[in-house]
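Chains as they are written, first to last, in numbering that gives the first Met the number 0: chain A, 0 to 525; chain B, 0 to 87.
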Amino acid sequence: MAYLIVFVLIYFLITIYLSYLGYRRTVTVSDYLLAGRQVHPLVMAMGYVSTAISTSAIIGFGGISGVYGLSLLWLTFLNIFLGVWVAYVLFGKRTRKMGKALDAHTFPELLGRRYESRFVQGFSGLVILAFMPMYAAAVLIGVSRFVEVYLGIPFATALLGFSLISACYVLWGGLKGVFYTSVFQGAIMIVVMLILGVSTYVLAGGPTEAFHSLSMLTPSVSAALRAMGHQGFTSMPAFGSSIWWYVVTTMIMGVGIGVLGQPQLSVRFMTVKSDQEIYRSIPFAAFFYLSITGLAFTVGALTNVIFYSRTGKLALDAAGGNIDKIIPLYINHFYPPWFVALFLVTLMAAAISTNSAQFHSLGTALSRDFFEQALMKGRSVAETTIVTRIGIVFGIFATLILGLVLPESVVAVATAFFFGLCGATFIPPYLLGLYWRKATRSAAKASMLCGFVSSLTWMLFFHEQESKAIGFCKVLVGQDTLAPLPWKMIDPQVVALPLAFIVFVVVALMTRPVSEETLNKAFRHI
Amino acid sequence: MQDLERPEFQVRRFLLDMTLGSMQSISTMFQNLDVWVIAGFLLTLISFLFCLVYGVMKWKKGFEEKHGDYKAEIQWEREEIELIERLP
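In C-alpha cells, the structure reads:
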C-alpha cells in the first residue's frame, strides 16, 4: 500500500503540474482545440499512441489474447502498418493540409467544410456524442477492474473516482494539457510494459521455453472452445470457424481498420505545423505500438503458461471466466507489491490519457460541431470553450452510467464496437474527401448514413454478440439473430464499410461536386 | 601472430556466433508456432522496420510549404485575434 501511495502521489503531482502548464499556455481558442498547431514530433507520436492505446489494449485485448492466444499479433501488425504508416502518410499529411486550408478545428468540422455541409458536421458530432461514451466506459472499466482485484475497492467507487480524475485536467488544460500529460503517461506505459514483457518471458523460462510450454497447453483448452475452432494458443483458430470469424473480423480487423476513422486521433494531425513533424513521428509511434500492444498481447497469451504451471488452471479459468480480470489477476498474483503499484499507475496513465482525449472530443463535438452547426445554423459563438466544457461534463456522466450497466468481459468488445462504427461511418467520406475532387456533399451524406445505419442494423439483428446482448431481435422475431453461421459471427464493419464505399462512389458519380471555390481552397496546399 | 588470434577476427567471430545463436533460438522458438502466427510476428517486425526506415529517410523532408501558405497563416491569426476580442 505504501508503494501505491508514493507512486500515485508522484504521478499526480507531475500530472497536475503538466496540466497546469497546459492551462497557462492555453490562450486562444485554437490553443484549446488544437494545441496551437505547433506540436513537437515526439509529443505528437506519444500523444497519438497513448490516446489510441488504453487500458482497453492492455487489460481488454491482453485478456482476449489470454483466451485466443498469439493470433492477436495480427492486430499489432495492423496497429503499426495501418495505425501508423497509412494513418500518418496517407491520411495525416492531407488531413493537416486540408484542415489548415479550411481552418477546421475538429474532425467533424473538417468533413463539414470539405463537403460544405452542416449536416455532415452535425451528424458526425452527434455520432461521437452518442457512442464515444461507450468506448470511454470500456477504458474506465479496464482500470477499475484492476483496482477491484488489487485493492478490493468496489468497482462502482473506482469507476466514479477515475472518471472525475480524468475529466479534471481536460476541463482546464484543453488539448495542450492533454498533450503534455499524454507524453508523460506514454513514457510510463512503455517502461512498465517493457519490464512486464521481459519478466514474463523470464517467468516462463525464456522465449523458446515459453512458446514451447504454450504450445503444450493445447490439449488443456476446453472442449467447448475447441468445438468452436480454438486450435491452441500458438495457432490461429481453424479457418472459417466461429472463433476465426470473431478473432479476425471483430478483434483484428474491427480495431485495426477502425482506427483510421477515429475522430480523437485524426484531429492530432491538425496539431502539427508541417509534414516534417508527421514524418518524424512515424518511427516513434511504430516503436510505441510495438512495445505496448505487441508485449501486451504476448504477455496475455503467456499468462496461461504461468497460471497453468502454478495453479493447474488456464488463465480464463483462474479469472473465473471474466476476460477483463486475466491481466489484473496475473499481475496481482505473480509480481512484487512495488510492481503491482507501478502497474496500477500505468493503467491509470493509459486510462487517463485516452479518456482525456475522448472527453475533449466529446466536448468539441457538442460545442463546435453539434451546437454551433446543427443548433445555431453555423453562427460562431464566443462561448465555444464553455459549451465544450458542458460537453465534457455530459461525456463524464454518460460514461459513468454506461460503465455501471455494461456486463462483464466487455472492455475489448465495446472498444471494437466503437472502432467498427466509426470506421463504417467516417472512413469513406474522410478518405475520398482527402483524395477525390469529385467527392460530393450528397455522396458524403448518403455514405455516412449508409455506414451508420447498416452497422447498427447488423448489430441489432445479425451479429450475435450484440443482437443477443441487446435483445431487440428476440423481442421482434423471437430469436437472438436472423443470420446463420458464419454471418452471425462476422463483424458489422466488414459488411458496412464496403457498402458505404460503394454508396459513396455511386452517389458521387450521379451528383455535382462541391463548389469550385471550396475545392480550390481545400486542395490549396496539396 | 596468426590470423585467428587477431582481436578483430575474434570480435567478428563473436558477432557471427551471436547472430547464428540468435537465429537458431528464433528458429527453435518458431517451431512451436503455427505458420499464421509466425506470419503475424514477421509482419509486425517488418512493418516496424519499414516505419523506422521510412521516418529516418524522410527526416529532413516535408518542411517546405507551398507558395502562399503564409497568407493562410496571417488570415488564421487575424481570425484568432477577432475571436479573442469577442471573448467575455
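Heads up, the beta-carbon is just placed ideally off N, CA and C, and yes, glycines get one too.
Source: prediction; values computed, not measured.
Let me check understanding here. Comparing Cα to Cα, which of the options lies closest to residue i?
i: A/F451; options: A/C472, A/L475, A/Q492; result: A/Q492
i: A/F306; options: A/T345, A/L289, A/I325; result: A/I325
i: A/H524; options: A/S212, A/T54, A/M97, A/P335; result: A/M97
i: A/L527; options: A/S53, A/V7, A/M488, A/P497; result: Because chain A here runs from 0 to 525, residue 527 of chain A falls outside it and cannot be looked at.
i: A/L496; options: A/L109, A/F461, A/G422; result: A/G422
i: A/L431; options: A/V409, A/F503, A/L403, A/F460; result: A/F503
i: A/A186; options: A/S49, A/G111, A/W244; result: A/S49
i: A/G111; options: A/M458, A/Q464, A/R440; result: A/R440
i: A/V506; options: A/L475, A/L448, A/D368, A/A442; result: A/A442
i: B/W35; options: A/L69, A/I469, A/Y10, A/L139; result: A/L69
i: A/P485; options: A/V246, A/I4, A/R93; result: A/V246
i: A/F539; options: A/A100, A/Q120, A/G59; result: With chain A covering only 0 through 525, there is no way to say anything about residue 539 of chain A.
i: B/K59; options: A/I277, A/I322, A/F183; result: A/I277
i: A/L72; options: A/Y19, A/A295, A/G160, A/L224; result: A/A295
i: A/Y179; options: A/R367, A/Y19, A/L150, A/V409; result: A/Y19
i: A/R267; options: A/A284, A/A155, A/I256, A/G253; result: A/A284
i: B/L42; options: A/H359, A/G65, A/T75, A/F358; result: A/T75
i: A/L259; options: A/L475, A/L420, A/R279; result: A/L420
i: A/V412; options: A/G59, A/G46, A/D102; result: A/G59
i: A/W457; options: A/T480, A/K444, A/A445; result: A/T480
Would a check of beta-carbon distances place residue i closer than 7 Å to chain A?
i: B/G20; result: no
i: B/D16; result: no
i: B/L46; result: Note on residue identity: the sequence assigns Ser, not Leu, to residue 46 of chain B. Cβ-Cβ to chain A under 7 Å: yes for B/S46.
i: B/V10; result: no
i: B/F40; result: yes
i: B/K57; result: yes
Does any residue of chain B bring its CB to less than 7 Å from the CB of residue i?
i: A/P491; result: no
i: A/W457; result: no
i: A/L195; result: no
i: A/L69; result: yes
i: A/V83; result: yes
i: A/P428; result: no
i: A/S214; result: yes
i: A/H211; result: yes
i: A/T94; result: no
i: A/M235; result: yes
i: A/L259; result: no
i: A/A468; result: no
i: A/D323; result: no
i: A/T249; result: no
i: A/Q275; result: yes
i: A/T207; result: yes
i: A/Y278; result: yes
i: A/T75; result: yes
Which of the three DSSP states, helix, strand or coil, is assigned to residue i?
i: B/T27; result: helix
i: A/F210; result: helix
i: B/K60; result: coil
i: A/A482; result: coil
i: B/I45; result: helix
i: A/H39; result: coil
i: A/I489; result: coil
i: A/A445; result: helix
i: A/N321; result: coil
i: A/M250; result: helix
i: A/Q230; result: coil
i: B/H66; result: Its pLDDT being 47, under 50, B/H66 is placed unreliably by the model, and nothing is read from it.
i: A/L508; result: helix
i: A/H332; result: helix
i: A/S439; result: It should be noted that the sequence gives Thr, not Ser, for residue 439 of chain A. Coil at A/T439, not helix or strand.
Need the endpoints of the alpha helix (DSSP H) that residue i sits in, please.
i: A/V344; result: 336-363
i: A/D274; result: 274-288
i: A/P262; result: 262-265
i: A/E465; result: 463-469
i: A/G422; result: 410-434
i: A/M97; result: 92-100
i: A/L301; result: 294-310
i: A/S241; result: 241-244
i: A/I79; result: 72-79
i: A/E516; result: 515-521
i: A/I63; result: 61-67
Whole alpha helix (DSSP H) runs in the region 104-169 of chain A with 4 or more residues, listed along the chain?
Within the region 104-169 of chain A, the complete alpha helix (DSSP H) runs of at least 4 residues are 106-113, 117-150.
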